[in-house]
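Under the numbering used here, residues 1 to 79 are what the sequence shown spells out, in order.
Structure record follows, encoded as C-alpha cells.
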Amino acid sequence: MEGPLSFAETGHLCLATLHANNAYQAVERMSNLYPDTNREQVMMGISLNLRAIISQRLIPLAEGGGRVQRWKYDCTRLS
C-alpha cells in the first residue's frame with residue numbers, strides 16, 4: 001500500500017483492488033495494513049488523496065441460477 005499512496009500524493013492516478021464488503025471496510029482494511037504508530041499519518045494521506053471507491057457485488061437471480069452485478073460508486077469529492 002505504500003507505493004500507491006506515495007504515487008497518489010505526487011499527483012499520479014492510482015487504481016487498486018481490495019477485497020471488502022463496503023467502502024468503510026475498504027478504508028479500514030487499507031489503514032490496517034500499516035502499524036499503529038503510522039496509522040494516523042496514513043489515514044491523513046488516504047483522506048487527502050482518495051477520490052472514489054467503486055464496489056461490485058454479485059446478487060443471486062430470483063429465478064434459476066446465476067447472478068447479476070451490482071455496482072456502487074462512492075465519491076469523496078466532486079472537484
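Backbone N, C-alpha and C define an ideal beta-carbon position, used for all residues, glycine too.
Residue i - containing beta strand (DSSP E), residue span
i	result
A52	52-60
Y73	67-75
Endpoints, alpha helix (DSSP H) assigned at residue i
i	result
A8	2-9
Residue environment, residue i, which counts as buried when at least 16 other CB atoms sit within 10 Å
i	result
V68	exposed
G45	buried
A62	exposed
Close beta carbons around residue i, own chain, < 6 angstroms, minus the five adjacent residues each side
i	result
E28	none
F7	C14
Y34	V42
W71	Q56
Nonlocal neighbours in the same chain, by C-beta distance under 7 angstroms from residue i, ignoring five residues either side
i	result
D74	A23, A52, I53
Report task. For the region 5-49, list the alpha helix (DSSP H) runs that are entirely contained and at least 4 residues long, ordered along the chain. Result -> 23-32, 39-49
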